[in-house]
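Here the protein sequences come in this chain order: A and B.
1 is the number of the first residue of the first sequence in the UniProt record's numbering; add one for each residue after it.
1 is the number of the first residue of the second sequence in the UniProt record's numbering; add one for each residue after it.
Note that beta-carbon positions come from the ideal geometry of N, C-alpha and C, so glycine has one too.
None of these values were measured; they are calculated from a predicted model.
Below is one structure; the comments refer to it alone.
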Amino acid sequence: MTDTINAGITHGLYTEGEPIADTKAPAGPIAQMWTTRRFEAALVNPANRRKLDVIIVGTGLAGGSAAATLGEAGYNVKSFCFQDSPRRAHSIAAQGGINAAKNYKEDGDSVYRLFYDTVKGGDYRSRETNVYRLAEVSANIIDQCVAQGVPFARDYGGLLDNRSFGGVQVSRTFYARGQTGQQLLIGAYQALERQVAAGTVTTYTRHEMLEVVVVDGRARGIIVRDLVTGEIETHLADAVVLASGGYGNVFFLSTNAMGSNVTASWRAHRKGAYMANPCYTQIHPTCIPVSGEHQSKLTLMSESLRNDGRIWVPKNREDCDKDPRDIPEEDRDYYLERIYPSYGNLVPRDIASRQAKNVCDEGRGVGPKVGDFRRGVYLDFADAIERLGQEAVSEKYGNLFDMYARITGEDPYKVPMRIYPAVHYVMGGLWVDYDLQSSIPGLFVAGEANFSDHGANRLGASALMQGLADGYFVLPNTIRDYLAKAPFEPVTADHPEVVAARQSVQSRTERLLAINGERSVDSFHRELGQVMWEYCGMERSEEGLLKAIDLIRGLREEFWRNVRVLGAADTLNQSLERAGRVADFLELGELMCIDALHRRESCGGHFRVESQTEDGEALRHDDEYAYVAAWESTGGDGFGELGTPVLHKEDLVYEAIQLKQRSYK
Amino acid sequence: MNLTLKIWRQPGPRHQGSMQTYKVTDISEDMSFLEMLDILNEQLNAKGEEPIAFDSDCREGICGSCGLMISGKAHGPEKTTTCQLHMRSFTDGEVITVEPWRANAFPVIKDLVVDRGAFDRIIQAGGYISVNTGSAPEANAAPVPKPHADRAFMAAECIGCGACVAACPNASAMLFMGAKVTHLSELPQGQPERDARVVSMVDQHDHEGFGGCTNVGACSQACPKGIPQDVISTLNKDLRAALRR
Numbered sequence: 001m002t003d004t005i006n007a008g009i010t011h012g013l014y015t016e017g018e019p020i021a022d023t024k025a026p027a028g029p030i031a032q033m034w035t036t037r038r039f040e041a042a043l044v045n046p047a048n049r050r051k052l053d054v055i056i057v058g059t060g061l062a063g064g065s066a067a068a069t070l071g072e073a074g075y076n077v078k079s080f081c082f083q084d085s086p087r088r089a090h091s092i093a094a095q096g097g098i099n100a101a102k103n104y105k106e107d108g109d110s111v112y113r114l115f116y117d118t119v120k121g122g123d124y125r126s127r128e129t130n131v132y133r134l135a136e137v138s139a140n141i142i143d144q145c146v147a148q149g150v151p152f153a154r155d156y157g158g159l160l161d162n163r164s165f166g167g168v169q170v171s172r173t174f175y176a177r178g179q180t181g182q183q184l185l186i187g188a189y190q191a192l193e194r195q196v197a198a199g200t201v202t203t204y205t206r207h208e209m210l211e212v213v214v215v216d217g218r219a220r221g222i223i224v225r226d227l228v229t230g231e232i233e234t235h236l237a238d239a240v241v242l243a244s245g246g247y248g249n250v251f252f253l254s255t256n257a258m259g260s261n262v263t264a265s266w267r268a269h270r271k272g273a274y275m276a277n278p279c280y281t282q283i284h285p286t287c288i289p290v291s292g293e294h295q296s297k298l299t300l301m302s303e304s305l306r307n308d309g310r311i312w313v314p315k316n317r318e319d320c321d322k323d324p325r326d327i328p329e330e331d332r333d334y335y336l337e338r339i340y341p342s343y344g345n346l347v348p349r350d351i352a353s354r355q356a357k358n359v360c361d362e363g364r365g366v367g368p369k370v371g372d373f374r375r376g377v378y379l380d381f382a383d384a385i386e387r388l389g390q391e392a393v394s395e396k397y398g399n400l401f402d403m404y405a406r407i408t409g410e411d412p413y414k415v416p417m418r419i420y421p422a423v424h425y426v427m428g429g430l431w432v433d434y435d436l437q438s439s440i441p442g443l444f445v446a447g448e449a450n451f452s453d454h455g456a457n458r459l460g461a462s463a464l465m466q467g468l469a470d471g472y473f474v475l476p477n478t479i480r481d482y483l484a485k486a487p488f489e490p491v492t493a494d495h496p497e498v499v500a501a502r503q504s505v506q507s508r509t510e511r512l513l514a515i516n517g518e519r520s521v522d523s524f525h526r527e528l529g530q531v532m533w534e535y536c537g538m539e540r541s542e543e544g545l546l547k548a549i550d551l552i553r554g555l556r557e558e559f560w561r562n563v564r565v566l567g568a569a570d571t572l573n574q575s576l577e578r579a580g581r582v583a584d585f586l587e588l589g590e591l592m593c594i595d596a597l598h599r600r601e602s603c604g605g606h607f608r609v610e611s612q613t614e615d616g617e618a619l620r621h622d623d624e625y626a627y628v629a630a631w632e633s634t635g636g637d638g639f640g641e642l643g644t645p646v647l648h649k650e651d652l653v654y655e656a657i658q659l660k661q662r663s664y665k
Numbered sequence: 001m002n003l004t005l006k007i008w009r010q011p012g013p014r015h016q017g018s019m020q021t022y023k024v025t026d027i028s029e030d031m032s033f034l035e036m037l038d039i040l041n042e043q044l045n046a047k048g049e050e051p052i053a054f055d056s057d058c059r060e061g062i063c064g065s066c067g068l069m070i071s072g073k074a075h076g077p078e079k080t081t082t083c084q085l086h087m088r089s090f091t092d093g094e095v096i097t098v099e100p101w102r103a104n105a106f107p108v109i110k111d112l113v114v115d116r117g118a119f120d121r122i123i124q125a126g127g128y129i130s131v132n133t134g135s136a137p138e139a140n141a142a143p144v145p146k147p148h149a150d151r152a153f154m155a156a157e158c159i160g161c162g163a164c165v166a167a168c169p170n171a172s173a174m175l176f177m178g179a180k181v182t183h184l185s186e187l188p189q190g191q192p193e194r195d196a197r198v199v200s201m202v203d204q205h206d207h208e209g210f211g212g213c214t215n216v217g218a219c220s221q222a223c224p225k226g227i228p229q230d231v232i233s234t235l236n237k238d239l240r241a242a243l244r245r
């Protein structure tokens, strides 16, 4: 086993650089670290704060809450989003809930248990110190949101209600029906708009960040395109925060919004910010299955459905095209309950996803055939409806049932839903230290855009928690320490680095419009997505990944020669916007494959066929791979050349938790 | 199915717009309306014609980006967002008109894309609860009776798409404002600013050029989230009470 795993270490695709020695987490016991860090962080006198400018890219849970909080503190904040309003950031689409160690149910929850569950759920590939802090501030988030008027679910006594989510055995998830993300984001958005009215925050909507300005080694601003007028603008500041979300759209089909992209992160990566664990993609088990070729995106059904829905497929292949209601109980395989008796349908997302794929690969999938396979399993509420009544089920999940009915044309109260895994969230992202600072001083990264808290797999209801923890509580404390070192050397728009950054944006735009080839942007994106899903999706192999790298390189070469982008630069031009994003996805895709290739172990959602146990479970190799893979860019021409990335390893040190092989049986 | 589309094309805010006719063929009933437009755009691109600009992002009915007048109805014939409208709601051979939201307060940017910044400015005028980060009391310190919590939630479901404005013959944004005012007024946390909030938001609404409400009810008919018209009654009640005090 070890021989195959170690065979052909690099294939010449990357080189190895210096390890990352220090994450800047303070010394001392883990429960004291955050208190210590906050105390040690230097203060900025209120009179000096208004002289300091902070740029925040993205207005989701992390960016919106950070902008509001820094605005309240008195800094000059400029907030950017590509949508027409900050309220439309993709955090709004999160459905199920937000975790917090409130222990309102008195069911044994605690900060330590939330921390433990998250590290274990992430398959011991997250950074212990950051996760502990996340668990620690989780309870404050709920207080903050309730005070803002977020209408969380309540019981008849008027107190907050909770439910449970995959990968845990306590009820610690706060929710607002199936629209928790929307309600939390509206809370952050309203806090942000309050600061706009107060004059501390200026919002730039329909603006896309296309470059970071780095002067004397520090992030000092960004270059953006006004998506309405096409004007390329320079915005300078004392610090820059990227809260620009995840890059799951590299797969084309995903649960991400159409506009979600990697450009802000990728441009920063090209300017020196390390990209960590890029191949860690979360595949979500409960999506509505693909129905045909035309599809532009996949729709998620909240994981909370697994609280009451039972997942099954027919025991016999012959039954797969039958009406599920005609299949008797003894011919059904409730495979999660069978294989994982203690967690049952509530196993973590990576396990539920992989088992769904396995039963479909065995030919026991249900629903229409896509290609030669049926890609779907039943999520059945018949038992729950009998036990609780249709009204109670509808009270809990009504909007999800309505959405399912609208998309599929089937009534889930009568016929079991069909679900299948789909790309949902990325755990990889820009590398940050304990302060959420990237490898470029002055460039901070928050929320899904950073890599730190979820390891190789994210537990349900943790994304919202991380976004708001970073934005409300962590970043405002740590960035203060950085800003206390100001004033920095003044930078003006005619500084050579600023001029160069503008020029590179301009020349990329001109080049994209000048190619005038044969193929649409979308056709490239779809093809890239198919390669990524096939070879760097739920299951990866050395052979497949090498093939994918070849295919991506070919596709990228063709893109820069043969893409057709119509319209002009000085107007709203959605094809041009997409072309720039797809160009960056074409580079990121290759780095994801290189990262997946070098990690010859299975962990979390990253299943390497070469590394599995005898009964087909993921097999980790802690002795070799208990590290974060942080990739440094080595340049290239900016038109599709990736160069040879350099791998920097950050050892994952577990002191508060013992590394164990995961078991949910 | 095969369809004839009459679509509003307008190169920019200062340009004259006009309806253009396009044919699309082989449309599957499982496609969403926007996926059908994606296919049309791919065809236009292949022919060297600039694709039609329209807003969409999440495509699962929650971000509120999308919104088209489809054959004269905001978001089309079903009570849902344009992105969740599927082609099974149309018949083979149908002629469909597609236009942007129509309201003076929502100027057209290009083709089917409008500027809804006025909604953000209404929220800036008071559509929030003033609480600084870190100064919140324990979450269970103020219990909220379930009926209030449920009504607050119902109102908070507004996605800010603007269909209410587009459907209203007066282009009034009272349903949008009523939803926000009701959401915050139902909660104990929303009480201290209740009066100031409603007065300031209504002022901003009028300043933006939205029309007045004459109880037509088209707004709640068009609302993809089913926000009921009685949130406007709450808004009016709160406004009267605030002006009396």
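Check: According to the Cβ coordinates, are Thr-118 (chain A) and Leu-475 (chain A) closer than 8 angstroms?
Finding: Using a Cβ distance threshold of 8 angstroms, Thr-118 (chain A) and Leu-475 (chain A) do not count as a contacting pair.
Notebook entry, point to check: Is the Cβ of Val-199 (chain B) closer than 8 angstroms to any Cβ of chain A?
Noted result: No, Val-199 (chain B) does not count as interfacial toward chain A.
Next item on the list: Could you tell me the distance, in whole angstroms, from the CA atom of Ile-39 (chain B) to the CA atom of Phe-639 (chain A)?
Entry: Rounded to whole angstroms, Ile-39 (chain B) to Phe-639 (chain A) spans 28 angstroms at the Cα level.
Item checked: Backbone secondary structure at Arg-50 (chain A) - three-state DSSP -> Assignment of Arg-50 (chain A) by DSSP, reduced to helix, strand and coil, places it in the coil class.
Item checked: N-terminal and C-terminal residue of the beta strand (DSSP E) that Val-146 (chain A) is part of -> Per DSSP, Val-146 (chain A) belongs to no beta strand (DSSP E); it is in the alpha helix (DSSP H), 128-148.
Check: Going by other Cβ atoms of all chains shown within 10 Å of its Cβ, with 16 needed for buried, is residue 682 (chain A) buried or exposed?
Finding: Nothing can be reported for residue 682 (chain A): it is not among the residues displayed for chain A, which extend from 1 to 665.
Item checked: Bridge-paired residues (DSSP) for Lys-485 (chain A) -> None, per the DSSP bridge assignment.
Notebook entry, point to check: If we cut at 8 angstroms on Cβ distances, does Glu-208 (chain B) have a partner in chain A?
Noted result: Judged by the 8 angstroms Cβ criterion, Glu-208 (chain B) is not in contact with chain A.
Next item on the list: Mark Leu-555 (chain A) as exposed unless 16 or more other C-beta atoms lie within 10 angstroms of its C-beta, in which case mark it buried.
Entry: Buried, by the Cβ-count rule.
Next item on the list: Give the straight-line distance between the Cα atoms of Val-366 (chain A) and Pro-328 (chain A), rounded to the nearest whole angstrom.
Entry: Answer to the nearest angstrom: the Cα atoms are 16 angstroms apart.
Notebook entry, point to check: Among the residues of its own chain, which have a CB less than 6 angstroms from the CB of residue 748 (chain A), if the five just before and after it don't count?
Noted result: Because residue 748 (chain A) is not part of the residues shown, which for chain A are 1 to 665, the question remains open.
Margin query: Just checking: is the beta-carbon of Asn-6 (chain A) within a distance shorter than 8 angstroms of some beta-carbon in chain B?
Written below: With a pLDDT of 46 at Asn-6 (chain A), under the threshold of 50, the modelled position of that residue is not reliable, and the figure given next carries that caveat. No, because no Cβ of chain B sits closer than 8 angstroms to the Cβ of Asn-6 (chain A).
Margin query: Need the endpoints of the beta strand (DSSP E) that Thr-523 (chain A) sits in, please.
Written below: The sequence as given places Ser at residue 523 (chain A); Thr does not occur at that position. Note, Ser-523 (chain A): premise wrong, no beta strand (DSSP E); alpha helix (DSSP H) at 521-536.
Margin query: For Ile-5 (chain A) and Trp-101 (chain B), what's the separation of their Cα atoms in angstroms?
Written below: With a pLDDT of only 42 at Ile-5 (chain A), under 50, the local geometry of the prediction cannot be trusted, and no value is derived from it.
Next item on the list: Note down, in chain order, each residue of its chain lying with its Cβ closer than 8 angstroms to the Cβ of Arg-151 (chain B), except the 5 sequence neighbours on either side.
Entry: Result list for Arg-151 (chain B): Thr-182 and Glu-186, in chain order.
Check: Where does Ala-41 (chain A) sit, in a helix, a strand or coil, going by DSSP?
Finding: Of the three classes helix, strand and coil, the one that applies to Ala-41 (chain A) here is coil, per DSSP.
Checklist line | Gly-17 (chain B) to Gly-162 (chain B) span [Cα, whole Å] | finding: Straight-line spacing of the CA atoms in Gly-17 (chain B) and Gly-162 (chain B) works out to 21 angstroms.
Check: Exposed or buried, Met-31 (chain B), counting other C-beta atoms within 10 Å across all chains shown (16 or more means buried)?
Finding: Answer is buried; the Cβ neighbour count reaches 16.
Next item on the list: Just the C-alpha distance for Glu-614 (chain A) and Lys-665 (chain A), rounded to the nearest angstrom, thanks.
Entry: Cα to Cα, Glu-614 (chain A) sits roughly 15 angstroms from Lys-665 (chain A).
Notebook entry, point to check: In chain B, what lies closer than 7 angstroms to Ala-191 (chain A) by C-beta?
Noted result: Those within 7 angstroms of Ala-191 (chain A) in chain B are Tyr-128.
Next item on the list: Using only alpha-carbon positions, find the residue among A:Val-393, A:Ile-552 and A:Gly-371 that is nearest to Phe-381 (chain A).
Entry: The shortest Cα separation from Phe-381 (chain A) among A:Val-393, A:Ile-552 and A:Gly-371 belongs to A:Val-393.
Next item on the list: Please state if the CB of Ser-304 (chain A) and the CB of Tyr-204 (chain A) are separated by a distance shorter than 8 angstroms.
Entry: Taking C-beta atoms as the reference points, Tyr-204 (chain A) and Ser-304 (chain A) fail to come closer than 8 angstroms.
Margin query: Is there a C-beta anywhere in chain B that falls below 8 angstroms from the one on residue 703 (chain A)?
Written below: Because chain A in this structure spans residues 1 to 665, residue 703 (chain A) falls outside the shown range and cannot be described.
Item checked: Endpoints, alpha helix (DSSP H) assigned at Pro-147 (chain B) -> Counting along the chain, the unbroken alpha helix (DSSP H) around Pro-147 (chain B) starts and ends at 146-156.
Item checked: Residues that Val-228 (chain A) contacts on chain B, provided the C-beta gap is smaller than 7 angstroms -> Under the 7 angstroms cutoff, chain B gives Ile-109.
Check: Considering only residues of the stretch 297-328 of chain A, which uninterrupted beta strand (DSSP E) runs meet the minimum length of 3 residues and lie entirely inside it, listed in chain order?
Finding: As for any beta strand (DSSP E) of minimum length 3 sitting wholly inside the stretch 297-328 of chain A, the runs are 310-314, ordered along the chain.
Check: Among the residues of its own chain, which have a CB less than 7 angstroms from the CB of Thr-2 (chain A), if the five just before and after it don't count?
Finding: Bear in mind that the predicted position of Thr-2 (chain A) carries a pLDDT of just 40, short of 50, making it unreliable; the figure below should be weighed with that in mind. Spatial neighbours of Thr-2 (chain A) in its own chain (CB-CB distance under 7 angstroms, excluding positions within 5 residues in sequence) are not present.
Checklist line | Residue-level contact to chain A via CB, Cys-58 (chain B), 8 angstroms cutoff | finding: Judged by the 8 angstroms Cβ criterion, Cys-58 (chain B) is in contact with chain A.
Notebook entry, point to check: Could you give the distance in angstroms between the alpha-carbon of Glu-50 (chain B) and the alpha-carbon of Leu-566 (chain A)?
Noted result: Separation of Glu-50 (chain B) and Leu-566 (chain A) (C-alpha to C-alpha, rounded to the nearest whole angstrom) is 6 angstroms.
Checklist line | Short Cβ contact (8 angstroms threshold) for Tyr-132 (chain A) with Ala-501 (chain A) | finding: No, Cβ-Cβ distance for Tyr-132 (chain A) and Ala-501 (chain A) is not below 8 angstroms.
Next item on the list: For Gly-636 (chain A), verify whether its CB is less than 7 angstroms away from any heavy atom of the ligand NAP.
Entry: Judged by which ligands are present, the structure shown has none, so any question about the ligand NAP falls away.
Item checked: Simplified DSSP assignment, three categories, for Asn-6 (chain A) -> The predicted model places Asn-6 (chain A) with a pLDDT of 46, which falls under 50 and marks its position as unreliable; any figure quoted below should be read in that light. Residue state, collapsed to three classes: helix.
Notebook entry, point to check: What residues from chain B crowd round Asp-481 (chain A), counting only those whose CB sits closer than 7 angstroms?
Noted result: Chain B residues near Asp-481 (chain A): none, gap ~17 angstroms exceeds 7 angstroms.
Next item on the list: Starting from Tyr-397 (chain A), follow the alpha helix (DSSP H) in both directions and report where the run begins and ends.
Entry: Unbroken alpha helix (DSSP H) run through Tyr-397 (chain A): 390-408.
Checklist line | Unbroken alpha helix (DSSP H) run spanning Ala-46 (chain B), endpoints | finding: Note, Ala-46 (chain B): alpha helix (DSSP H), 33-46.
Check: Pairing CB atoms from the stretch 406-425 of chain A with CB atoms from the stretch 108-116 of chain A, are three or more of them under 8 angstroms?
Finding: These segments do not touch.
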